[in-house]
Structure formats: structure tokens, C-alpha cells
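Residue numbers (the working numbering): 11 to 951. Even for Gly, the Cβ is constructed at its ideal location relative to N, Cα and C. Since the structure comes first, as C-alpha cells, the remarks are kept for the end.
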């Protein structure tokens, strides 16, 4: 079990790291980041990890595609107004929003599912800022983090109190504003109507939102007996109604035009002697002479509300109130007109005799009644309150409460509240790690205290039901974040909280290596397992680690597309069905993000090269390709889905915006360097996992390692050592695709040994400043076949997935064997495009790296078509036969590559032909012609 870290030990470790002058950020030309960040990265590594990562501040990106993509995101992080993100939090607390406009999309009240996921994007943004600060040391990012943490601290404190008036300038003096999203309303005493037989309701309002059926006022007992004045009915115009028999019995008056937004309007209703009149800004806009009901018919209503409806589904009124008066008589038109230019106290009417509220208060949560009846009104929230200690969100606790009794998914009611809590929690933890701001840690710890107090009281059966509900019960990577917090706080309640998210059905099945993924929502479950690995770190319970390893193997390769992505329409289908799942909504970008996190976390325990092979595949293809290659201050320009259908055009502004994938996309683009290097936990080895231009500062060893490369444009890399002497093993990853050779030299001399694709190659020595390691790894061009349809294939050049740029919406037919070399390399079929690295032409089409963030229509998969038996460009004139499973004779011939020489290839052709002739799949005459053609052809290496 990991031991908690005290602030003292963190700062001591930071001081120790800073004591190596040659390795300080200043010495390497980088600004200093937070003092505790690097220390936390090193010291917080769980004891179960046999390797550990380096902090983002310890690895500087060099020039190249990663730096270019990151720069686009850094510019977005610098330019976006964080007050827009804070708007939904401040509104929820009833605080002033300073005129900020919520981001919209999933992060606003008008977004998908009523904005029930709002707050999640703010967490992602905090993480992006924290990563940006740790990577660059740029003070602006720390300042923005401070602004956000400060605001969230105020929000939490405000939610713990009863609501307080938000005063703004009014029509005549001061007014009370009800921010949209605050769910606040004014509760009046029961006697406000006084059972009067005649009445006038007069009020100044300044609506800020155009929601239909938002009540300016609603006095009643339920949905049967009430009277109300709505700012907008279904037609968008004001409406007054009174009833004692529900909606069907409403006696109503409708206006004729909508009230303008963000402008003061006067509304008045007079009711006497069977006639009701509705006035807007002093003009009678509607009259009903057949109203038989009066307020006295309602008796003494128990619900007397300004801004809230007796119909719970109706929206709360958003806007400001001033001068609400209730008179026990019907004012004349002249009197109504007089109220347009002066407050009631200065008019001939005087104040309302039944109730009179000026809303001139500037503090507190009550409003004085000037009618003489002493009917003090109270500001309240529809969801009650105050919130429980530690609670922090951009919406009330209601979604969390609803989930506890929910049995089915309905994201219009409950959309993954613990998922959103995770994003906020993760952002706060990252903010603390980056800036050492105690407020962020206090907020994060408080959230977990609150969650523990809520969840620890629930029966186990309730928890299992909750976590098993699609979407509503989704909790993202919250277990990982809680475990990380526990590492810092050491609070037993935090570890206990992490275990409350056990989804036993999933853990037990995967621990038993039983594949139950068919039909599951992919991104709901991937991050769960990263959390379970961390729970293993904290508890030592093997089932967590075993289930995560087995789960990973169920996804890779069995549900993985060539680019490293997974899922179709967000879900998994049956094992080994790839071609059968390709659609315009494949490869949700969040899934790749979370598979990378899981892969690196598993690698910390077991240094199986397959994890880093996958990491390279997904990072260099889907993750890079998910970010559009152009700047934008408003949007991060990241895909949600990446369709793999023919001619698909990527959408970098998905759905309504501020989606989960845009959030993880912001994170991905500011941490590209997080897995380039790892260190053996005992300091005995340095793992070079990725070939990427970068500089590692390894304070523990007193050395720097600078990697210079244009990879993947360059087929190799150079490592140069700086600093002092240090003895350790350099472990260089040999990619599984590096079948064309992998050679290493140190200071110009070849290193003995035989590197094996899909492994690590060790170089052990005492390293000195100036030592240079050169790695070369020639790329080969190959195809990968869909597991369920071998004829549907995707093309790779080394690690780079190549896509055809073509607007056709049918599968392209592509042949590649005709010019294949003895090595089996298909590169000879491609013609390089001069001046455009990694661009090729084939059959008149351009093939480009998937990683390029363009809006060109592309084909990531194609239909392999080899109609003739061709060798070395020579056509035998014989059709290429195929077996029932789609395997062709050429497939079987080239499956034997690489060939030592031409003779070995011809021998393979002869034996394959003989087998096909014997099976009745090829005539002897045609077979002899094929062997003769193969023997007469010339081949490249």
C-alpha cells in the first residue's frame, strides 16, 4: 500500500531535485514550474510500480509534429476566457457571472440533455492548464489556474449558505437578480392574496432567457388550484391564468408580443367583477370578460412563489425583479400608466395594500414587505439547501440523489454525475500538483469527503445497480483520481471511497478472463480499469490488476481498429468483429485517450512491450489525427468520432461543442511527452518508449538525455547525454513493426546483440556527457487485415497509418503485391511525393499520414484486390484464386516473407502452387505458368 505524502516530504524532495544546478529549469532554458510538481511525480509513485514516469516538467518537447500540435492547443488555452467556464458554477451558486456567456453545448443549460453534464469541461480545462504550466513554466497558465480555483472556492462556500440576494441596478433603484441556473425563487407568506375578491398584480421584470412557461409569479396549492403570470406561454407571449380545476379549467388572458430580453418591462393584471385585463408597459394587451374565479376562490394557497411554477417541469424564471405590489382592488388604466414612470410609493396608488416588495435589499436572503402586513419574503432554492459539506458542482445535488433510486438510464434526468465529479476532481488535483495551491487540494479533498458521506450509507446492492446503469451511472476515471488523492492525504475515508466504486460483475468476469464486453458502452468502462489498477496499488488486491490486464487483452487487438481506436457508436460489439462495425461513428476519441492511460499504467507493473506498441499506434495515429491543424481561440478543434467509412470527413467541431472528447483532446495535446521515457523504480534503467524529439532531465542521476529526430519522417533517432556520469541500462524499444532491422551505435560503434521486434534492446554502461546513441529502424510498408474480413485492410508505413485522399464513398480497390520486394515490403508499390514526407501516390491517388488534421475525405480501410498473379511486375496471365475464407494464393506466397533471395521466393511459389493444384484450386497448366513467371521476374530487396 502506498504511504501518504506529507507536504514536508514533497517540499524536501523538490528541494533535493532543485539542488542539481546543471539540471535546473533555468539551466535548460525553461521557466521554473511549481516546486512540488516534479517531486510529486517521483515521490508519489506507488511501491507496486516497477517503473515510474517522469513529470511533464522533466521532459521538454523538441521541434516536430507534437510541438506543433501542442502549440495550437496552448494558444487556445491562452485565449479562452475562463470566466465563461466558471459561469455555470457561479450561476449554480447564485453568484454574479459578470456577463460571461457559458460555453454552450454540453457545458450550458441549453445543451444536450438540458446541460446535465455541465462542469465536466471546466475540469478538463483545469487539467489542460496544469499540464501546460508544468510543460512550459509560463506564468499565464498558473494565473488562470489561480483564477479558477479561487472562483470554485467561492462557489463551494456560497453553496453551503442560504441563498443571498444578488442586487443590480433596477428601473428606479435597486433590483434583485435571479441568475439562470441558480434555481432560486422568492417564497412569499401564505396570506399574500388575502382571499381578496378583486386584485391587481403589478411587477417590473427584466427577463434574461426566453424559456416558455417560466413563471413571474405562481400562487397555488398544486397543479389544480392556482393563479399565475408567465413571462411566456407556448406562443412566447405573456399569459395570466386562474383555475381551481387544473390546466383544462384555466381562465386566461394572453398577451400579443414577447417580452424583450435584458430590458425592463412592466406587467400588471387587474381582476374584478368577472373581467380580467393584462397590461404590458401600461398598455392593455388582453382582456377576458368571462372570468368567474377570483383569488378568494383559491382560499389561502400554500405555495406563493415569484419565479417558480407549481408544475415542477416548468423552468425557473431567469431575470430581475423590482417593485412587486399586490392591491386589493383593480387599478384603473390611468393608475397603471402612472406606475410606468415612478415607483408605487411615489404614485397616487401608493404601495400595494396586500403586499409590496421594492427589492432594494443589497444583502441577506429576505425581502421586506412595505404593505404594513409584515409579509417578509424569503429567497430560496428549488432544491432546498444549503448543500452538504464539500459538495462542488455546476448543478445541484439533485442528480446524485436521483441516481440512488434510478433503475434505468435517462440522461435528460441524470447524466453521469459522478463522471462530471471526476473531471472536476481530476482538474483540481492537477491544479494542486502544478501550482501547489492548497485551495485546490482542499476542494478536491472536500469533494471526496462529501462523496464518501453520501455513498458509504448506501447498501451494496444499490451501488452495484447504480454503477451498472448506462450513462447515468458512468463514473469515468474517478477511482484513479481518488487513489491519487489518497496518496496525498492518507485519509482512510478516501481509500474506502475508491472501493465503493467496485463494479463486481465487471471485475469478476474480467478477472476470470470471461469476455462480457459485447454491448457495453466503451468509454464508460475503459477508465474504470485504470482506477482498478490504482486500487491494486493501494490495497494489494490481485483481482483489480488481473481484471485490468485481461480487459486490455479483450480490446487489443480484438476490438481495435488500425489507428488504435475502439468502439462503434460508442459501444463495443462482438469480439473480433472489425469490418462489421466500421461506420461514420467509429473510434470515439475519448476511448483512445483512456486506452493510452490504461496502457501506461499497466506498463508500470509489467514491462510488456505490447503496451507501448499500442501506445505508439494510438498516439501517432488517432490521437494526433484527432486534432485539427489550424488555430482557433473559441474551440479546441478535436474530433468526437473518427469515422472509418470510405470518404469520411473528420468533424473537429462535433455535436454542440464542449464534448467529452474535446475535453480529453485538450488534455492529450498538452501531455504528448508523458510516456516518452520511464525510469526503473530503483534507478537502474531508463526506458526509451517513444521516438520523439525531446529532452529529459533526470535529476536522480544528474544527467540529461536529448533526443534529436524528425521521427516518423526520419527512420531513426539520436540520443545525446549531458550532465555528469551515471551508470544505468538504456532500454530502447524495438517496435513490433521494425522487422527491417534495428541497429544501435554508441559513439559511432555498433552495439552487439540482435534486437527483436516487439521487445526492448539493452545498452548498459556508465554514461558520460557527450555520449551519443544512434538508433536506425528502416520502415517497411505493410497491411493489417480486419479480423473478420481479410480482404478489408489498412496500410502502414512503419508506425504511420496511411490513408487515401479520395471523395469516393465506396471501398477503394487496391493492389500491392505486384512490386513487392523479397523482404515482403510493399513500399515499392508506392511512389514518394517529392517535398512531402510520408506522402505517396498509388494508382493516381495520394496517400497521407492519418495524423494530419485535415478535412479531406479519406479512406483508412480499402478492399484488397489482386486479380492477377503478378511477380516483380510480371503478369502471369493467371487469375489469383481464393479460398472460401478469402485467402488468395498470393497471400499464402507472401506470408512466407522475408525471403533470403530470389530462389527462396520461387521455391515458396512452387510449394504453394503444388498445394493449390492438389486441392483442386488451380490447374497444373496455370500453376506451371505461375512458377515460370516468378522465376523470370526480377525483385527488389
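Residue(s) in a DSSP beta bridge with residue i
i	result
residue 212	278 and 335
residue 777	736
residue 796	799
residue 138	Answer is none; residue 138 lacks a bridge partner.
residue 992	For the chain, the structure presents residues 11 to 951; residue 992 sits outside this window and is missing.
residue 187	176 and 330
residue 762	None; residue 762 has no bridge partner.
residue 708	713
residue 160	Paired residues: none, contrary to the question.
residue 731	715
residue 771	742
residue 195	390
Member of the options whose CA lies at the smallest distance from the CA of residue i
i	options	result
residue 283	349, 292, 304 and 568	304
residue 130	700, 735, 933 and 676	676
residue 368	616, 358, 709 and 379	379
residue 916	184, 882 and 255	882
residue 517	489, 557, 813 and 490	557
residue 389	353, 330 and 831	330
residue 217	210, 225 and 211	225
residue 210	465, 250 and 416	250
residue 810	803, 790 and 823	790
residue 771	900, 464 and 744	744
residue 931	900, 914, 891 and 919	891
residue 327	647, 219 and 667	219
residue 70	164, 499, 684 and 311	684
residue 704	63, 59 and 77	77
residue 863	657, 633 and 714	633
residue 168	294, 342, 374 and 268	374
residue 252	466, 281 and 269	281
Span of the alpha helix (DSSP H) around residue i
i	result
residue 527	Here residue 527 belongs to no alpha helix (DSSP H), and DSSP marks it neither H nor E.
residue 666	Where residue 666 is concerned, there is no enclosing alpha helix (DSSP H), given that its DSSP letter is neither H nor E.
residue 920	912 to 928
residue 941	934 to 946
residue 411	408 to 413
residue 94	92 to 103
For residue j and residue i, believed in contact at Cβ under 8 Å, the rounded distance
i	j	result
residue 261	residue 298	7 Å
residue 154	residue 92	5 Å
residue 507	residue 492	6 Å
residue 605	residue 565	7 Å
residue 337	residue 359	7 Å
residue 910	residue 941	Incorrect: roughly 18 Å between the Cβ atoms, too far for contact.
Inter-residue Cα distance where the pair is residue i and residue j
i	j	result
residue 193	residue 121	17 Å
residue 612	residue 559	7 Å
residue 315	residue 300	26 Å
residue 332	residue 213	7 Å
residue 423	residue 471	22 Å
residue 1018	residue 66	Nothing in the structure corresponds to residue 1018, since the chain is present only between 11 and 951.
residue 528	residue 797	16 Å
residue 585	residue 239	58 Å
residue 88	residue 736	39 Å
residue 55	residue 444	16 Å
residue 907	residue 651	36 Å
residue 601	residue 573	12 Å
residue 136	residue 272	32 Å
residue 235	residue 438	48 Å
residue 816	residue 406	49 Å
residue 119	residue 665	15 Å
residue 980	residue 674	What the structure shows of the chain is the stretch from 11 to 951, and residue 980 is not part of that stretch, so it cannot be assessed.
residue 258	residue 340	26 Å
residue 531	residue 730	45 Å
residue 306	residue 363	16 Å
residue 197	residue 68	57 Å
Delimiting residues of the beta strand (DSSP E) encompassing residue i
i	result
residue 579	Per DSSP, residue 579 belongs to no beta strand (DSSP E) and is neither H nor E.
residue 289	285 to 290
residue 63	61 to 63
Near the ligand FAD: residue i beta-carbon under 6 Å from a heavy atom
i	result
residue 493	Of the ligands one can find in the structure shown there are none, so the ligand FAD has no counterpart to examine.
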